[in-house]
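Chemist:
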Amino acid sequence: MPSGENQFYVDKPSRGENYGAYVADELVEFTRKMFPLSYKKEDTFIAGLSMGGYGALINGLKYHETFSHIGAFSPGLMIDDIASRSELLSVTGWSMDFYGNSFGGIDTIKNSDKDYYYLIDQLLENKKEIPKIYLPIGTDDFLLESVRGFKSFVDKREVPLTYIEDDGGHEWDFWDKYVKNFLEWLPLEEKGNYLNSGNVAEHGFRDADAQKAQAALVAWFEETLKK
Numbered sequence: 001m002p003s004g005e006n007q008f009y010v011d012k013p014s015r016g017e018n019y020g021a022y023v024a025d026e027l028v029e030f031t032r033k034m035f036p037l038s039y040k041k042e043d044t045f046i047a048g049l050s051m052g053g054y055g056a057l058i059n060g061l062k063y064h065e066t067f068s069h070i071g072a073f074s075p076g077l078m079i080d081d082i083a084s085r086s087e088l089l090s091v092t093g094w095s096m097d098f099y100g101n102s103f104g105g106i107d108t109i110k111n112s113d114k115d116y117y118y119l120i121d122q123l124l125e126n127k128k129e130i131p132k133i134y135l136p137i138g139t140d141d142f143l144l145e146s147v148r149g150f151k152s153f154v155d156k157r158e159v160p161l162t163y164i165e166d167d168g169g170h171e172w173d174f175w176d177k178y179v180k181n182f183l184e185w186l187p188l189e190e191k192g193n194y195l196n197s198g199n200v201a202e203h204g205f206r207d208a209d210a211q212k213a214q215a216a217l218v219a220w221f222e223e224t225l226k227k
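Here UniProt numbering is used: the first residue of the sequence shown is 1, the next is one more, and so on.
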């Protein structure tokens, strides 16, 4: 799994720290060259949990021409609290200096490519297709209210959102259950040879090889998230 080094998977060009471009552009290009993966948007997904859930959401929206589906598990949707320097952030144990460093400045978060509200409104304004979003959150999660605020925002705009509240907190007991559900939610079984996108043929892989590779990648994804 790619590391964002506790930097929320955002780009900070002035520092040469482009974690968003790394996971949503460079890593996608690299894995497509290394494995028999589809080059098609409809076969390409991004997912993460907690801080990574925020990263998956903003980068899935920012790179909407690459990703068709986003999995945001208990995502850290805290930009309103960060921008207002809310005392509610004390529950995370991180200082405002940490947030300022992570986002390249607190006063510039809103209406930027780090702002999921802004990204969605920009896509709608420009009549761009918004990736489908899968968002599970535990009813005991400290992020519940901010996530509910996001749900209210997207519901008013009729953004494609599969939203789930269930018993649980910000913990692996909750995420383990919904990783499996997320994989079942993705459009994986609809296509017979869904990896054969031209990339497979180009590299000499047979359909059977492609299907085995896809199954191995899914199994690796499930096991890695459990660690």
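We treat Cβ as the ideally placed atom computed from N, Cα and C, and that holds for glycine. These numbers come from a predicted model, not from an experiment.
(1) Quick check on DSSP: helix, strand or coil for D80?
(2) Taking the DSSP output, what are the residues bridged to T162?
(3) Does the structure place the stretch 71-83 close enough to the stretch 95-109 that three or more beta carbon pairs sit under 8 angstroms?
(4) Which value, in whole angstroms, describes the spacing of the CA atoms of G55 and V23?
(5) Can you list, in chain order, the residues of its chain with a C-beta nearer than 6 angstroms to that of A72? Leave out the 5 residues immediately preceding and following it.
(6) Please work out which residues of its chain come closer than 8 angstroms, Cβ to Cβ, to Y99, disregarding the five sequence neighbours upstream and downstream, and give them in chain order.
(7) Buried or exposed for V10, going by 16 or more other Cβ atoms inside 10 Å?
(8) Are the CB atoms of I70 and I133 nearer to each other than 7 angstroms?
(9) Could you tell me the distance, in whole angstroms, from the CA atom of E145 to the CA atom of N59?
(10) By DSSP, does I46 sit in helix, in strand, or in coil?
(11) Less than 7 angstroms separating the beta-carbons of V154 and L143?
(12) Would you mind working out which of D115, E29, S84, I137 sits nearest F67, comparing C-alpha positions?
(13) From V147 to S38, what does the alpha carbon distance come to, in whole angstroms?
(14) Kindly indicate which three-state DSSP category I109 falls into: helix, strand or coil?
(15) What residue range is occupied by the uninterrupted beta strand (DSSP E) comprising G71?
Modeler: Here's the rundown:
(1) Stepping through the sequence shown from its first residue, residue 80 is reached at position 80. In this structure, D80 counts as helix in the three-state DSSP scheme.
(2) Here the question's residue 162 lines up with position 162 in the sequence shown. Partner(s): Y134.
(3) yes
(4) Along the sequence shown, one-based indexing puts residue 55 at 55. Along the sequence shown, one-based indexing puts residue 23 at 23. Near 9 angstroms, if we compare the C-alpha coordinates of V23 and G55.
(5) Counting from 1 along the sequence shown, the entry for residue 72 is found at position 72. Once the five neighbours on either side are set aside, the close Cβ partners of A72 are G53, A56, L57, L135.
(6) By 1-based counting over the sequence shown, the position of residue 99 is 99. The residues are I82, L89, I106.
(7) Position 10 of the sequence shown holds residue 10. V10 comes out buried.
(8) One-based indexing of the sequence shown puts residue 70 at position 70. One-based indexing of the sequence shown puts residue 133 at position 133. Cβ distance < 7 angstroms, so I70 and I133 count as in contact.
(9) Translated into the one-based positions of the sequence shown, residue 145 becomes position 145. Translated into the one-based positions of the sequence shown, residue 59 becomes position 59. Their backbone Cα atoms lie some 22 angstroms apart in a straight line.
(10) Here residue 46 refers to the residue found at position 46 when the sequence shown is read from its first residue. Looking at I46 - three-state DSSP - the assignment turns out to be strand.
(11) Here residue 154 is taken as the residue at index 154 of the sequence shown, counted from 1. Here residue 143 is taken as the residue at index 143 of the sequence shown, counted from 1. No, they are not a contact pair.
(12) Taking the sequence shown and counting its residues from 1, one reaches residue 67 at position 67. Of D115, E29, S84, I137, the residue nearest in Cα terms is E29.
(13) Working through the sequence shown from its first residue, we reach residue 147 at position 147. Working through the sequence shown from its first residue, we reach residue 38 at position 38. Approximately 32 angstroms, taken between the alpha carbons.
(14) Taking the sequence shown and counting its residues from 1, one reaches residue 109 at position 109. Residue state, collapsed to three classes: coil.
(15) As a position in the sequence shown, residue 71 is number 71, starting the count at 1. Residues 69-73.
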